[in-house]
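Engineer:
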Amino acid sequence: MLSLLQKLAYEDAGIYLQGAGPDRGGMKIGIVDDDDTMIEFVSRLFESEGFRCASFRRGRDLVSALARETFDLLILDWNMPDMSGMEILQWVQARLQPCPQVIMLTSRSDKDDVAAALHAGADDYIVKPESAIVIAARVRAVMRRTAPRTSPDRYERFGTYVFDRSEEAVTLDGVPITLTSKEFALAYLFFSNQHKPLSRGYLMEAVWKSLADLTTRTLDMHVSRIRTKLRLRSENGFRLQTVFNYGYRLEDCR
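Residue numbers (this note's numbering): 975 to 1228.
1. Is it buried or exposed for S1155, if we count other Cβ within 10 angstroms and need 16 for buried?
2. So what does DSSP say about E1225, is it helix, strand or coil?
3. Any idea what DSSP makes of K1002, helix, strand or coil?
4. Considering Cα atoms alone, identify which of L1224, R1174, D1010, E1104 is closest to R1191.
5. Can you name, in chain order, every residue of its own chain whose Cβ lies under 8 angstroms from the Cβ of G999, other than the five neighbours on each side?
6. What three-state label does DSSP hand A1106 in the structure shown?
7. Where does the unbroken beta strand (DSSP E) through L1079 begin, and where does it stop?
8. Bridge partners of F1137, per DSSP?
9. Would M1195 pass as an interface residue toward chain D - the criterion being a Cβ-Cβ separation below 8 angstroms?
10. Using only alpha-carbon positions, find the residue among E1225, Q1168, A1161 that is nearest to M1195.
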């Protein structure tokens, strides 16, 4: 259970987080901590604002999830019984390209520890205990620094491909290509995340909004169709590659 002080801080942070933007619901946060109270505190803080949170009490469980799923932000405790937050950070930096953003949330306050984590690739370092409003502000600051700049225009160009987001239409060298609504959403997701490996689970959640009664074969069939329809080959500037036992990645070959 949350303490009264935590609840009050949580309510303050909820006010502060308002207006974080309509896209915040698509952001997935992975939280690892062996303290159940802290897990509940941080998860509730961000779930109340529409973020998707996955919590882990063992470092190796988070690493296993990272091999299957795509996370936008990781919040790591340093002192874990099986695999420390620092070891997870080093694994992420070595294995995942591009890396999700990482914030260390730990009771270790030694300046050498802070410096070591930041040098290893952490985007921020928060020493526990800290108020919810400060945690929220630090997370939002990381999000602002790392969020891709999006165009407000109806049309978005990627090489010789032009996406009409209003009509869910695509042209290649000026020639219209007919896509279903799901195919358009999937294609736009790939082009908006070039060079980033996207897991099958992430793609299904993002496009279909639910994993119920949905198989990976359905996703693979849609990917095959957009690969063919959009002619995603090197000569057209983009290649859609399968990432073994994980998902897909769109590469800019220009």
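All C-beta atoms, glycine included, are put in the ideal place defined by N, C-alpha and C.
Structural biologist: In short:
1. Flag for S1155 reads exposed.
2. The answer is strand: DSSP assigns E1225 an E or B state.
3. Strand at K1002.
4. It is R1174 whose Cα lies nearest to the Cα of R1191.
5. Model confidence at G999 stands at a pLDDT of 45, short of 50, so the residue's coordinates are unreliable and nothing is read from them.
6. Three-state DSSP puts A1106 in a helix.
7. Residues 1075 to 1080.
8. By DSSP's assignment, F1137 forms a beta bridge with E1130, V1144.
9. Given the protein chain composition of this structure (a single chain), no chain D is represented.
10. Of the candidates E1225, Q1168, A1161, the one whose C-alpha sits nearest the C-alpha of M1195 is A1161.
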